[in-house]
Structures are given as C-alpha cells and as structure tokens.
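Peer 1: Next up is a structure, given as structure tokens.
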Amino acid sequence: YQVKATNGVCSSFSPIITIKDENIDLQLGVPSPSCNASTDNVPLNATPAGGIWTGNGVSNNTFIPFNKPAGVYPLTYTYTSGIGCPYTKAVTAQVVSPFIPALEKSGDVCINGTATVSLTSTPVIPTTIQWYKRELNETNYYAVQDGVNSIEIDRNGSIKVITETIYCSSKEATMDIND
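Numbering (the working numbering), first residue to last: 1327 to 1505.
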C-alpha cells in the first residue's frame, strides 16, 4: 500500500507497505501410545519442520514416556514462519502402565480336591492373560487357559500367569502349589 498526500501545491507519497497474507496449516503426527516401562522414546513429527515441541516429557522433539504416570499428556508444536509469524497446534500422547500380575490361592488340593489360583487385581486396560501349569517333577509349562482372572487346579505343581498390556511388554508371576 502507498498513501499520496497532496495540499493543492505539492504531493508526497508514503513509503510502500507490503502486507503478506500468510496462512500456514500445521500438520502434526499423532504420537503412538506408549508404555511407561519402556525406555524407547517416541519421535514427534510435524510439517513444516523446524518448529519446537513442548510439554511434560518432551526433550529434543521426542516424547519420553519412561516412568511417567499413566495418562494423557498435552504436547504443543510451535512454528515461526519466515516472516516471523508464530503458529501453534497441539496433540496428546497417551501413556499406559503394564499390568503386573500377583497371585493368590484359595482352597487346598489335598483337602478339597481343588484349589483356585487368582490374580489379586483385575487389569483396567486391554491386557491378555495366559495361564500355564507345570506338573511336579516336570520341567516345562503347558498352556491351560487364556483370558480369565483365575483358574481351578486339581493337583500340586507350579502355576504361571503371563499378562501383556497393550503397548507394553509381558509380565509374569508364578506360584508353587504344594498342599
């Protein structure tokens, strides 16, 4: 733009002012859910590149879920354009905790003929549960049941449960039954 001022005798022009109409659409990659037991960092991606990611657990444009409480973490990307205009957009990162199994037994195989081995708590997020048994004097476990929080046994041996929470590695617990 330029303004012309005139008083009838003289005319003068202002300096030329250029207004740039800029509209940058930030495209953010949504971070994959991650496990707080994992030491793998989650890369944060955005277009255009060259901006800065901020938020709880962000370092060098990566999200670090290790030892974070399970939950949802807001992450912000700020990009400054070539003409100095700031743009900001946000996403969230989800962190989950692995389900760590603990076992308890009720009943007595010798007295009652059966006993029940149960998880002491129930997983609250998607977790696979696999039960295994090893007979006395055996070395290998064999699968006995999947997807339940307890199993019934009718002889002594060793019980193992393996749980795997979505996005986390598996955890296990064992219990020897010697009634």
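Glycine included, each C-beta is placed from N, C-alpha and C at the ideal position.
According to the Cβ coordinates, are residue 1363 and residue 1449 closer than 7 Å?
Peer 2: One-based indexing of the sequence shown puts residue 1363 at position 37. One-based indexing of the sequence shown puts residue 1449 at position 123. It is not a contact, given that the beta carbons lie outside the stated cut-off.
Peer 1: Taking only the alpha-carbon atoms, compute the straight-line gap between residue 1461 and residue 1467 and give it to the nearest angstrom.
Peer 2: For this step, residue 1461 is matched to residue 135 along the sequence shown. For this step, residue 1467 is matched to residue 141 along the sequence shown. Residue 1461 and residue 1467: Cα-Cα distance of roughly 8 Å.
Peer 1: Indicate whether the contact test is met: 3 or more Cβ pairs, each with one atom in the region 1475-1491 and one in the region 1431-1443, closer than 8 Å.
Peer 2: The region 1475-1491 is in contact with the region 1431-1443.
Peer 1: Just grab the DSSP bridge partners of residue 1380 for me.
Peer 2: Within the sequence shown, residue 1380 is the residue found at index 54, counting from 1. Partner(s): 1402.
Peer 1: When we look at the beta-carbon of residue 1356 and count the other beta-carbons within 10 Å, is it buried (16 or more) or exposed?
Peer 2: In the sequence shown, residue 1356 corresponds to position 30, counting from 1. Residue 1356 is exposed by the Cβ-count criterion.
Peer 1: Expressed to the nearest angstrom, what Euclidean distance is found between the alpha-carbon atoms of residue 1405 and residue 1422?
Peer 2: As a working mapping, residue 1405 is identified with position 79 in the sequence shown. As a working mapping, residue 1422 is identified with position 96 in the sequence shown. Rounded to whole angstroms, residue 1405 to residue 1422 spans 29 Å at the Cα level.
Peer 1: Once the 5 residues before and after residue 1430 are set aside, which same chain residues still bring their CB inside 7 Å of it?
Peer 2: Here residue 1430 refers to the residue found at position 104 of the sequence shown. Closer than 7 Å at the Cβ level, and outside the excluded window around residue 1430, lie 1444, 1446.
Peer 1: Have a look at residue 1455 and residue 1498 and give me their C-alpha separation to the nearest angstrom.
Peer 2: Position 129 of the sequence shown, counting from 1, holds the residue named residue 1455. Position 172 of the sequence shown, counting from 1, holds the residue named residue 1498. Their backbone Cα atoms lie some 10 Å apart in a straight line.
Peer 1: Among residues of its own chain, excluding the 5 on either side of residue 1418, which ones have a beta-carbon nearer than 6 Å to its beta-carbon?
Peer 2: Within the sequence shown, the letter at position 92 stands for residue 1418. Contacts found: 1398, 1400.
Peer 1: Look at the alpha carbon of residue 1350 and the alpha carbon of residue 1412, and state the distance between them as a whole number of angstroms.
Peer 2: Along the sequence shown, one-based indexing puts residue 1350 at 24. Along the sequence shown, one-based indexing puts residue 1412 at 86. Near 10 Å, if we compare the C-alpha coordinates of residue 1412 and residue 1350.
Peer 1: Taking C-alpha atoms, which residue in 1416, 1360, 1366, 1396 lies nearest to residue 1378?
Peer 2: Looking up residue 1378 in the sequence shown gives position 52. Residue 1416 is the option with its Cα nearest to residue 1378.
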